[in-house]
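Engineer: Dumping the structure here so I can ask a few things about it.
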Amino acid sequence: MSERYVRDVGYKLWQILSEALGEDVKKNNFRSTFERLELKSSQFINIQSSHNFKFCSYPYPSQEQEPKNEDKSQKIDLTLAPKIIHFYRRDTEL
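Heads up: the sequence shown begins at 59 in my numbering, then just goes up one per residue.
Put into structure tokens, the structure is as follows:
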């Protein structure tokens with residue numbers, strides 16, 4: 059792959075993205091554009107071999123829609139935890 063080939067393919071990619079999103083997308087504004095459109099967390103993109111982009115709702119509910127359960131207590135099984143026998147004069151911190 060030559061540098062020219064990569065440059066040409068990159069240029070075509072920015073054109074395809076710009077057309078699909080309806081705004082000018084370039085290398086220097088790619089991340090901010092997608093973050094602004096919230097595509098990284100709320101939608102996904104299906105790119106087909108014909109260069110068609112399909113923007114679809116994400117199939118899972120977002121974190122905002124999940125019921126919040128404040129009563130969840132974290133349980134940790136310490137039966138397999140290593141035994142601490144040397145405290146190196148740090149007994150008072152316990």
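We put the CB at the ideal spot given by N, CA and C, even for glycine.
Quick check: Val64 and Trp72, are their CB atoms within less than 7 Å of each other?
Structural biologist: It is not a contact, given that the beta carbons lie outside the stated cut-off.
Engineer: Quick check on DSSP: helix, strand or coil for Tyr118?
Structural biologist: Only weak support is given to the placement of Tyr118: the predicted model assigns it a pLDDT of 47, under 50, and the value that follows is read from those uncertain coordinates. Of the three classes helix, strand and coil, the one that applies to Tyr118 here is coil, per DSSP.
Engineer: Please report the straight-line C-alpha distance between Tyr146 and Asp135, rounded to a whole angstrom.
Structural biologist: Cα to Cα, the separation comes out at about 25 Å.
Engineer: Which word fits Leu75, buried or exposed, when buried means at least 16 other C-beta atoms lie within 10 angstroms of its C-beta?
Structural biologist: Buried, since its Cβ has 16 or more Cβ neighbours within 10 Å.
Engineer: Could you give the first and the last residue of the continuous alpha helix (DSSP H) run that contains Val83?
Structural biologist: From DSSP, Val83 is part of no alpha helix (DSSP H); its letter is neither H nor E.
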